[in-house]
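Q:
Numbering (the numbering used here), first residue to last: 167 to 319.
1) Compare the Cα-Cα distances from residue 266 to each of 225, 255, 191 and 169 and report the closest residue.
2) Give a yes or no on contact between the region 177 to 190 and the region 247 to 259, applying the rule of three or more CB pairs nearer than 8 Å.
3) Is DSSP giving residue 209 helix, strand or coil here?
4) Just to confirm my understanding: we take residue 242, look at its own chain, exclude 5 residues before and 5 after, and list those with CB closer than 7 Å. What are they?
5) Residue 219: buried (16+ other C-beta within 10 angstroms of its C-beta) or exposed?
6) Quick one: Cα of residue 272 to Cα of residue 194, how far?
7) How far does the alpha helix (DSSP H) with residue 183 in it extend, from its first residue to its last?
8) What would DSSP say about residue 276, mapped onto helix, strand or coil?
9) Quick check on DSSP: helix, strand or coil for residue 283?
10) Could you have a look at residue 228 and say whether DSSP puts it in helix, strand or coil?
11) What's the gap between the Cα of residue 264 and the Cα of residue 274?
12) Assuming contact is defined by CB atoms lying nearer than 8 Å, are residue 222 and residue 176 in contact in what I supplied?
13) Buried or exposed, going by whether 16 or more other CB atoms sit within 10 Å of the CB of residue 250?
14) For the ligand NAP, is there any heavy atom lying closer than 7 Å to the beta carbon of residue 260?
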């Protein structure tokens, strides 16, 4: 709740970008990021900065080439984004934070109920996406199927 006591906890004015991770947020996320592989060169990039770059892109919706210069290079951020998407790290981060939020609210970590929209059920019974109306009127649809319809005018 937004109270005078609670508001400073969520203030992001001291961060470089509003999408950057705070120290408290990083404490929750850091254990979920895989360590560097053994052997080879040491990891030269700060993974927190890479995650800040990913969060910047996701929160602003900007293109990769517009990633600010004070974050890691776009190729590095994209490489980690692609790797973490492939190996499931992003899903593990999402799931881990989801479970922590539910536990903080004294709720079961896994929801025990679901809501199914009746429209979704109806379309699934008839065959899914192919059964969705295309917006054509009956007259247009029947002319197109009968062979009298021509797209050349």
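The C-beta atom is built at its ideal place from N, Cα and C for all residues, glycine as well. Quick caveat: nothing in here was measured; it's all calculated off a predicted structure.
A: Looking at the coordinates:
1) 191
2) Here the region 177 to 190 does not lie against the region 247 to 259, with fewer than 3 beta-carbon pairs under 8 Å apart.
3) When secondary structure is reduced to three states using DSSP, residue 209 falls in the coil class, being assigned neither helix nor strand.
4) 211 and 216
5) buried
6) Going by C-alpha positions, residue 272 is about 18 Å away from residue 194.
7) That residue, residue 183, is in no alpha helix (DSSP H); it is neither H nor E in DSSP.
8) Here residue 276 sits in coil by DSSP.
9) coil
10) coil
11) 11 Å
12) no
13) Residue environment: residue 250 is assigned as buried (16 or more neighbouring CB atoms within 10 Å of its CB, all protein chains considered).
14) As presented, the structure is devoid of all ligands, the ligand NAP included, so that no description of it is given.
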